[in-house]
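Comments concern the structure below.
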Amino acid sequence: MNGRDVCKTCELTAQRRLGKAPLWDCIYQTEYWDVAHAYNTALPGWLVLVLKRHIESLDELTEQEAAELGPLIRRVSSSLKSIIGCVKTYVIQFAEHEDHPHVHFHIVPRMANQPADRQSAQVFGYLGVPLGKRVSEDQMNEICANIRDDLLSTER
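Add 56 to the 1-based position in the sequence shown for this note's numbering, that's all there is to it.
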């Protein structure tokens with residue numbers, strides 16, 4: 057990991073369990089997954105689906121975790137399209153960053169007017185940006201409140 061044997065994703069997940077996460081970091085929860093807004097992005101609506109338990113490889117998912125994932129990706133993508141107005145979403149999973157080796161999926165809105173140099177794999181140019189270029193906490197919370205309402209309205 058990061059030399060400290062600490063998974064930053066596990067720390068964030070623990071804060072959600074304790075009810076100490078801001079809205080943008082705790083949009084929606086299922087039995088196995090958390091939905092949160094990426095904290096270091098310049099792209100409004102860049103969401104992550106985070107497995108509640110620590111694993112580092114997809115083959116470690118249980119049948120139940122995997123079964124819940126597909127419909128959640130579809131619902132979150134649909135919500136982003138409705139709330140953000142994106143034309144589609146990108147779904148990406150690496151779990152390679154030394155602080156975040158924990159399985160999580162990036163659900164990234166692809167906007168109609170998104171510059172060509174920020175489409176496809178180049179979308180990562182929006183992530184890990186300096187503080188002054190990041191989506192503000194107020195904007196994240198506004199987006200996330202709408203996404204939460206939308207996801208809650210489509211629960212079965």
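Glycine included, every Cβ here is placed at the ideal spot set by N, Cα and C. The model shown is predicted, which means the values in this text are computed figures rather than measured ones.
* Would DSSP call Leu68 helix, strand or coil? -> The residue labelled residue 68 in the question sits at position 12 within the sequence shown. In this structure, DSSP gives Leu68 a helical state, which the three-state scheme calls helix.
* Buried versus exposed call for Glu121 [16 or more other C-beta atoms within 10 Å across all chains shown] -> Your numbering for residue 121 matches position 65 in the sequence shown. Glu121 should be labelled buried.
* To do: Excluding the 5 residues preceding and the 5 following Arg204 in the sequence, name in chain order all residues of the same chain whose CB lies nearer than 7 Å to its CB.
  => Here residue 204 refers to the residue found at position 148 of the sequence shown. Hits under 7 Å: Ile83 and Tyr84.
* State the beta-bridge partners of Lys144 as determined by DSSP. => As a first step, residue 144 must be located in the sequence shown, where it is residue number 88. Answer by DSSP bridge pairing, in chain order: Arg166.
* Closest residue to Asp115 among Ile148, Val159, Thr145 and Cys142 (Cα-Cα distance) -> Counted from its first residue, the sequence shown places residue 115 at position 59. It is Val159.
* Alpha-carbon spacing of Ala177 relative to Pro186, whole angstroms -> Here residue 177 refers to the residue found at position 121 of the sequence shown. Here residue 186 refers to the residue found at position 130 of the sequence shown. Going from the Cα of Ala177 to the Cα of Pro186 covers about 20 Å.
* Asp61, enclosing alpha helix (DSSP H) - first and last residue -> Residue numbering aside, residue 61 sits at position 5 when the sequence shown is read from its first letter. For Asp61, no alpha helix (DSSP H) run applies, since DSSP gives it neither H nor E.
* **Boundaries (first-last residue) of the alpha helix (DSSP H) holding Leu207** => As a working note, residue 207 is residue 151 in the sequence shown. For Leu207, the uninterrupted alpha helix (DSSP H) segment begins and ends at Glu193 to Ser209.
* Asked: Considering only C-alpha positions, which residue in the set Ile199, Val147, Val106 and Thr97 is nearest to Tyr88?
  -> Sequence index remark: in the sequence shown, residue 88 carries index 32 (1-based). Tyr88 has its Cα closest to that of Val106, out of Ile199, Val147, Val106 and Thr97.
* To do: Return helix, strand or coil for Met57, following the three-state DSSP convention.
  => Position 1 of the sequence shown, counted from the start, is the residue given in the question as residue 57. Because Met57 sits at a pLDDT of 48, beneath the cut-off of 50, its placement in the model cannot be relied upon, and the following sentence gives the value as read from the coordinates. Collapsing the DSSP output to three states places Met57 in coil.
* Cα-Cα separation between Met57 and Leu68, rounded to whole angstroms -> Here residue 57 refers to the residue found at position 1 of the sequence shown. Here residue 68 refers to the residue found at position 12 of the sequence shown. Here Met57 scores only 48 on pLDDT, less than 50, and its place in the model should not be relied on; the value that follows carries that caveat. Straight-line Cα distance between these residues: approximately 16 Å.
* **Top-ranked residue by Cα proximity to Leu208, from Ala94, Val191 and Ser134** => The residue you call residue 208 lines up with position 152 of the sequence shown. Each of Ala94, Val191 and Ser134 was checked against the Cα of Leu208, and the nearest Cα belongs to Ser134.
* Classification of Thr210 by the beta-carbon crowding that lies within 10 angstroms, buried from 16 upward -> Position 154 of the sequence shown, counted from the start, is the residue given in the question as residue 210. Under this definition Thr210 is an exposed residue.
* To do: Output the distance between the C-alpha atoms of Tyr95 and Phe161, rounded to the nearest integer angstrom.
  => Residue 95 sits at position 39 when you count from the first residue of the sequence shown. Residue 161 sits at position 105 when you count from the first residue of the sequence shown. Within the model, the alpha-carbon separation for Tyr95 versus Phe161 is close to 14 Å.
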